[in-house]
Each structure stands twice: as structure tokens, then as C-alpha cells.
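In what follows, a structure is listed as C-alpha cells, so that the remarks can point back to it.
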Amino acid sequence: MLWEDPLRYILRFAAESQGGNRGIDLGSPGPGFGDTLLANPIPIGFIQGSGMASPLVGQSLSLEAIVTGDFQGEDQLRGFFVQEEVSDQDNDSLSSEAIFIYEGAGSLADVQVGDRVWLSGQVAEYYRLTEITSVSELEIISRNNPLPPPEVLYLPFPEPNYLERYEGMRISFPQTLFASDLFELGRYGTILLSSHDVLSIPTQIAPPGDSARLIQALNLRDQILLDDDKFTQNAADLPYLINNPHIRREAASRA
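Under the working numbering, think of the first position of the sequence shown as 241, with each following residue one higher.
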């Protein structure tokens, strides 16, 4: 679809859904604009936008979506991911259909994967992750809803920042992936995966200069970080090793 200014879109969306403009000038976000954002669920695609950051940072708004990842534990991310159902997704291939809801030190309702929730909060960016913070209301509408199917991806990605359009969404890799770097597994619970064994240091296989830079650019597109989604450092039990107490670089996996 053609990109439309998100503020103007939201005003039009609210007016159409309410059968009128509710006294709001659709040409600019004037008085009553904040009430409109809170009273009407805003599509996640328009919250995310098609760029690297949300065009609505700092705005308070409401959304309704399906919980696809629950990490509310104190040693976890202290929040959860929600994603639009397929029928509610927009046609913009550059905008993500999911977003992270940050609970922080607060105490929200204990959601479960498959819950349909309605919530209000503020749009923020945290280390390039678009999220909803300062959640003021959260309602579980229904439970045990089917999850949106994962997006099928392949490494290497076709371009830098390719994953931005899938931020927070369910994804899968049908190809075999390899453990390319285990350096932070013991401390942070992460494994760097790639499409082939170990990613080479560019100057090991090419002279410094343009050739090495090309290899480095490919390396950056041929990796994804597998994270245990916990804040715990140096955990006694390492993740991913339930069925195999050992893992080595170049080990294959399916994601």
C-alpha cells in the first residue's frame, strides 16, 4: 500500500470506525487527538512504521492483538510480544506486525501465549526496539486463540536491516543453521547462528580493502542471534542443552 502519514491515518481510521469525525479536524492532530489514539485500537503496522523507528514515539495509544511470546518473569524480559492476526495485518511489506509490551517493575495481568489482549500505553524506542511502555490498562479479551503463522526467512538476508520489517514477529528458518559463535553462551545465553559453519574474519580470506569489506558485509547479513530471553548472567544451567550437554561451533540446528 502507499504510505500515508500515520497521524493523519489514525485520525481518519478513528473517524471511519466511529461513523464520523468526532469533532476532529482530519487535517491535523488538534484537540482530542490523544483521546482518539486511546479510544480506538491502532494497527501495529502503523505504530511500527516502515522505517527504523516508530513515527509515533512518545504518543499514548491503544492496540489489540494476540500474545505470541510471554516473558514476564523477573529474570526474563519483563514483558511480552503481541502480533496482529493475519486478517488485521496491513499490506505494507516494510512494517512489522508485532510489538513488544514492556511491563518493567509494574505488575500487569499474567498473560499467556494465545491471549487476545487490549491495552493502552506509550510508544518508545529502546536500543532500536520499538515497544509499548507505561501500560495503563490491560484487558484479556479471550484465550487460546490461534497464533499467526511464522514468517519463513532464509540466511543470508538480502539486505542490511532486513529484519526490521519482522521486528517482534514469529519467524522460522527451514534451512539448517550452524552455531558460528558461542563466546557469549555461558554469560548471556546467546548463540550466533549462520547459514554455514563459522563466519570467517574477512582479512583471513581476503586482503584488507574492498574485498574484505565485501566479506564483512556478507557476514553481517548471514547471522542471527539466538537468545534465551533472560536477564540472568552466568546461569548454572545453559540453555539449548536439554538433550545434549555439549555444543560446539559448527553444530547444526533448525530454527
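Every residue, glycine too, gets a C-beta built ideally from N, C-alpha and C.
Can you have a look at Ala305 and say buried or exposed, based on whether 16 or more other CB atoms are within 10 angstroms of its CB? buried
Going by the beta-carbon positions, is the gap between Leu317 and Pro396 smaller than 8 Å? no
Can you tell me whether Tyr480 is helix, strand or coil according to DSSP? coil
Can you check DSSP and say which residues form a bridge with Gln316? Lys470
Does DSSP classify Tyr402 as helix, strand or coil? helix
Buried or exposed: which applies to Met409, given that a residue is buried once 16 or more other Cβ atoms fall within 10 Å of its Cβ? buried
Within 10 Å of its beta-carbon, does Ala345 have 16 or more other beta-carbons around it, so buried, or fewer, so exposed? exposed
With C-beta atoms as the reference, is Asp350 less than 8 Å away from Gln299? no
Is the distance from the Cβ of Glu404 to the Cβ of Val297 below 8 Å? no
If you run the structure through DSSP and keep just helix, strand and coil, what is Ser374? strand
Just verifying my parser: in three-state terms, what is the DSSP assignment at Leu458? helix
Quick one: residues in its chain with C-beta nearer than 6 Å to the C-beta of Arg356, no 5 flanking neighbours on either side, listed in chain order? Ile306, Ile381, Ser382, Asn385
May I ask which residues mark the beginning and end of the beta strand (DSSP E) holding Ile431? 430-434
I need the boundaries of the alpha helix (DSSP H) containing Phe569, first residue and last residue. Here the chain has residues from 241 to 495 only, and residue 569 is not among them.
How do the region 469-477 and the region 417-425 stand: do at least 3 beta-carbon pairs fall below 8 Å, yes or no? no
Could you please give the first and the last residue of the uninterrupted alpha helix (DSSP H) stretch that includes Ile445? 442-445
Beta-bridge partners of Ala419, as assigned by DSSP: Leu433
Bridge partners of Leu348, per DSSP? In the DSSP output, where bridge partners are listed per residue, Leu348 has none listed.
Spatial neighbours of Val392 in its chain, beta-carbon cut-off 7 Å, leaving aside the 5 residues before and after: Ser412, Pro414
Label Ser336 either buried or exposed according to how many other C-beta atoms from any shown protein chain fall within 10 Å of its C-beta, with 16 as the threshold for buried. buried
Residues bridged to Tyr366 (per DSSP): Leu369
Any beta carbon from chain C within less than 8 Å of Ser347's own beta carbon? Note that chain C does not occur in the displayed structure, where there is just one protein chain.
Just confirm the distance between the C-beta atoms of Asp462 and Ser435, as a whole number of angstroms; I'd bet it's less than 8 Å. 5 Å
State the Cα-Cα distance for the pair Asn474 and Asp330, rounded to the nearest angstrom. 41 Å
Coil, strand or helix - Asp310 by DSSP: strand
Could you compute how far the alpha carbon of Ile455 sits from the alpha carbon of Tyr394? 18 Å
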